[in-house]
Structures are given as structure tokens and as C-alpha cells.
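These notes are about the structure you will find just below.
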Amino acid sequence: MIRIDMPWTLQLVVVAFLLFGALVALIGSWGLAKLPDIYMRLHGPTKASTLGVGCTLIGSLLFFSHQQDGISVQEALVTIFLFATAPVSAHMMGKAALRRRLKSVPGTRNVPEK
């Protein structure tokens, strides 16, 4: 059962994390859909979406930790896993794109041809 006796300052912090996370995730998703090549598209999910989902998870962690009178282990583990795996997977996708010599738009810095 959800209690509603949260202090207003904690409510404000949770709402701020959730709104900021949703806005940043939306911007990251838009970048993933609209940017022209893979090298630019990597920035959407790795930087903006990771920060957006991370803020959403932190807001959820704060809310459910207050509800359960202790740290919510599920949200903490998901947040740690997200911040540990997203940069590594983006790095591997970038290396694979460079190795396959995928085309990029003019102006994107790339490894020179050998």
C-alpha cells in the first residue's frame, strides 16, 4: 500500500528527477531518430538517454525507499547496471562501426583511411 505522508520537499525532489529524466530521455530519443549517421546517433542513447533513465530511476529509488523505510534494492541495482553497461556498449558499437568503416556524413571526424 502506498503511503501519502511524504514531506513536500521529498515530493518536490522526486518530481524534479522524474520530469528532468523524462525530458532528457525524450531529447535523447529524438537525437537517435533524427541524427544522420551512426557516429552521431551513438550520442542520443548513451549520453542523454542514460542520464534521463538514470534520473527517472533515482526519482523512483527515492520514492520507494521512503515508502518501504529503507533503500529499494531493485532500483539501486538497475541504476548501477545502467550506468555501468551503457557506456561500454556504446564504446563497443562505435568500435564496430569504425572497424566496418561505415560511412559518415561530411564533417564527422572519423579514423582516416589506411
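Under our numbering, the letters of the sequence shown match residues 858 to 971, in that order.
All C-beta atoms in this analysis are idealised placements derived from N, C-alpha and C, irrespective of residue type, glycine included.
Keep in mind that this is a model prediction, so the values were computed, not measured.
- Query: Does DSSP classify MET863 as helix, strand or coil?
  - Reply: Annotated three-state conformation of MET863 is coil, per DSSP.
- GLY909: buried (16+ other C-beta within 10 angstroms of its C-beta) or exposed? Burial state of GLY909 is buried, judged by a 10 Å Cβ sphere holding 16 or more other Cβ atoms.
- Comparing alpha-carbon positions, which option in LEU875, PRO963, LEU867 lies nearest ILE915? Closest option to ILE915, Cα to Cα, is LEU875.
- Query: In three-state terms, what does DSSP make of LYS891?
  - Reply: Helix.
- Starting from the Cα of GLN868, find the closest Cα among ALA890, LEU918, HIS900, MET897 and give me that residue. Minimum Cα distance to GLN868 is reached at LEU918.
- Query: To the nearest whole angstrom, what separates the beta carbons of PHE877 and CYS912, a pair I think is in contact under 8 Å?
  - Reply: About 5 Å separates the beta carbons of PHE877 and CYS912, which is inside the 8 Å limit, making them a contact pair.
- Message: Just to confirm my understanding: we take GLY951, look at its own chain, exclude 5 residues before and 5 after, and list those with CB closer than 6 Å. What are they?
- Response: Excluding the 5 residues flanking it on each side, GLY951 has same chain C-beta neighbours closer than 6 Å at LEU899, in chain order.
- Item | Range of the contiguous alpha helix (DSSP H) that encloses SER906 | Residues 906-925.
- Would ALA873 be called buried (16 or more neighbouring beta carbons within 10 Å of its own) or exposed? Here ALA873 is exposed: its Cβ has fewer than 16 other Cβ atoms, across all protein chains shown, within 10 Å.
- Query: The alpha helix (DSSP H) with LEU955 in it runs from where to where?
  - Reply: Annotation for LEU955: the continuous alpha helix (DSSP H) segment containing it runs 930-956.
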